[in-house]
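One structure below.
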Amino acid sequence: MTRPRFLPDNFTLTLIGVVLLASFLPASGQVAVGFGWLTNIAIALLFFLHGAKLSRESIIAGAGHWRLHLLVFGLTFVLFPLLGLALKPLLSPLIGDQLYMGMLYLCALPATVQSAIAFTSLARGNIPAAICSAAASSLFGIFLTPLLVTLLLNVHGDGGSTLDAIVKISVQLLLPFIAGQIARRWIGAWVGRNKNWLRFVDQGSILLVVYGAFSEAVNEGIWHQIPVSDLLGLVVVCCILLALVLLASTLLSKAFGFSLEDRITILFCGSKKSLATGVPMAQVLFAGSTIGVLILPLMLFHQIQLMVCAVLAQRYAKRSEPVTELMAQVDP
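Counting with our numbering, you get residues 765 to 1096 for the letters of the sequence shown.
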C-alpha cells in the first residue's frame, strides 16, 4: 500500500509513540536511575560515532567559503537568540513562561547536520559548503550553546555557571567526539559502510532521552502544568519563528550578493535547529529540571522545519536555470 501523504515519517511517529508511552508508563525510582545511566552511555556513543563519521576532507573542502559560513553562524547563533528575546511580548503571553524558556533554549542550539546537507543536495545547492558549515555549527555549538543558554536564561533570573555547563558538555559530548575523530583512522571505513545501520544509534539515543525526559516531566505533572491553549500557541510561535528566519536568510544572502547555490545552502543551514544535538545537550545542561517542557518546543520546531524545508527543496530542485558545477564529492 502507498503511504498516505498526510502521515509523518516513521521516526516522527515513533517519537510521538514514545511521548505517549512516557505519559502513561513513566519510568520512576530505581528504573529511572538505571535508565539515566543507559541514556548517558547512548549519548556518549552517539557523539563518538559523529566524530568517527566526520571527515577532515569535508571540513577542508568548504572551509574557504568564510563569508557564507559567517552568515550562517550569524543566523544560527545571533539572529535566532535576538528573535527569541525580541518576541518575548508575543511569546510569553501566548505559550506561558515554561514553554518560552524552551523557545529560548531552541534559539541557542546549533544547526542540523544530516538534514541541512540532505536538503541542500536535493535543492542543488553548494554541497561542500553545506557539509563544512553544518559540521562546524554542530562542533562550535558545544561551546556556544551553554554560553548562550546562560545568557538567555539569566534574563529570567535562572542563572547558572557557564563554566560548569561547558565542562559538563566537554566531558559528556566533546570527549567522545574527539575520541571518535582519533579512532576514525581505524573505524572510519567501517562507519562509512554502515551509515544506514548507524543512524539507528542517532535515533535510538534521541528516543531514550525523550522517554526519560518526559517520564520525569510526567511524574512532575507536565500535562497538568501546560494548558492545551499553550500547546496550540506553541505551533503558531514555531511557525512564526521559522518564517522570520527563512525570510531573513533569503534577504541577507541576496543583499550580500551570493550565488543561487550559496543562497540555497545559507537557507537550509541557517534556518534549522538540531534535535539530535539539542535533546542530549538538554540532558546535560538541565539535569534536575523539567527537561520535557524545555525540549517540547524543539521537538515541534524540528518537525515543522523538516516539512517546510522539504517543500522548499523540491521547488528549488525543479528550477530550470543552469547550475554551476559543484566541487567534487567528498568522503562522507
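Beta carbons: idealized from backbone N, C-alpha and C, even for Gly.
CB contact flag (residue i, residue j, <8 Å)
i, j, result
"arginine 1027", "lysine 1018", "yes"
"proline 1061", "glycine 781", "no"
"serine 969", "proline 1044", "yes"
"leucine 863", "valine 1075", "no"
"phenylalanine 964", "leucine 835", "no"
"isoleucine 807", "glutamine 1047", "yes"
"histidine 747", "phenylalanine 907", "For the chain, the structure presents residues 765 to 1096; residue 747 sits outside this window and is missing."
"leucine 832", "threonine 1029", "yes"
"leucine 912", "alanine 872", "yes"
"valine 1031", "serine 1013", "Position check: residue 1031 holds leucine in this sequence, whereas valine was assumed. It is a contact, given that the beta carbons lie within the stated cut-off."
"leucine 916", "glycine 848", "yes"
"phenylalanine 812", "alanine 943", "yes"
"leucine 802", "leucine 939", "no"
"leucine 1113", "tyrosine 975", "Outside the shown range of the chain (765 to 1096) lies residue 1113, about which nothing can therefore be said."
"alanine 887", "alanine 1077", "yes"
"proline 790", "asparagine 983", "yes"
heavy atom of the ligand SAH below 7 Å from residue i C-beta
i, result
"valine 1048", "Of ligands this structure carries none, so the ligand SAH is not represented either."
Member of the options whose CA lies at the smallest distance from the CA of residue i
i, options, result
"leucine 779", "Leu1064, Leu839, Val913, Asn890", "Leu1064"
"leucine 903", "Leu855, Phe841, Tyr869", "Phe841"
"proline 857", "Gly798, Arg888, Ile990", "Ile990"
"phenylalanine 775", "Phe837, Leu868, His1066", "His1066"
"leucine 1016", "Tyr869, Leu839, Ala943", "Leu839"
"leucine 995", "Phe1032, Ile859, Val1009", "Ile859"
"glutamine 967", "Ala943, Tyr869, Ala1040", "Ala1040"
"tyrosine 869", "Lys1082, Cys1003, Arg888, Ile1059", "Ile1059"
"leucine 843", "Gly1034, Ile1055, Phe1022", "Gly1034"
"phenylalanine 883", "Cys1073, Arg1079, Arg1083, Lys1082", "Cys1073"
"lysine 817", "Arg949, Ala894, Met1071, Pro892", "Arg949"
"alanine 850", "Val1001, Met1071, Gly997", "Val1001"
"glycine 985", "Asn890, Ala894, Ile1055", "Ile1055"
"threonine 914", "Lys1082, Ala947, Pro790, Phe1050", "Phe1050"
"phenylalanine 1022", "Gly976, Ala893, Leu777", "Ala893"
"leucine 1068", "His829, Asn983, Ile1004, Gln945", "Reading off the sequence, residue 1068 comes out as isoleucine, not leucine. With distances taken between Cα atoms, isoleucine 1068 lies closest to Ile1004."
"threonine 909", "Ala887, Arg1079, Gly1042", "Gly1042"
"lysine 1082", "Leu1011, Leu777, Ser885", "Ser885"
"glycine 800", "Ala977, Leu777, Val992, Val1009", "Ala977"
"phenylalanine 837", "Arg1079, Val1009, Leu1070, Met1071", "Val1009"
"valine 935", "Tyr1080, Arg1079, Asn804, Trp954", "Asn804"
Pairing CB atoms from the stretch 894 to 907 with CB atoms from the stretch 871 to 884, are three or more of them under 8 Å?
-> yes
Stretch-stretch touch, CB-based, cutoff 8 Å, three pairs: the stretch 944 to 964 with the stretch 778 to 794 | no
Contiguous alpha helix (DSSP H) assignments of at least 4 residues, all confined to the stretch 939 to 1015 | 939 to 957, 959 to 983, 986 to 989
Starting from the N-terminal side, write out each stretch of the alpha helix (DSSP H) that is 4 residues or longer and does not extend beyond the stretch 1019 to 1045.
-> 1024 to 1034
Can you give, in chain order, each stretch of the alpha helix (DSSP H) that sits fully within the stretch 824 to 911 and has at least 4 residues?
-> 830 to 838, 844 to 850, 852 to 871, 878 to 886
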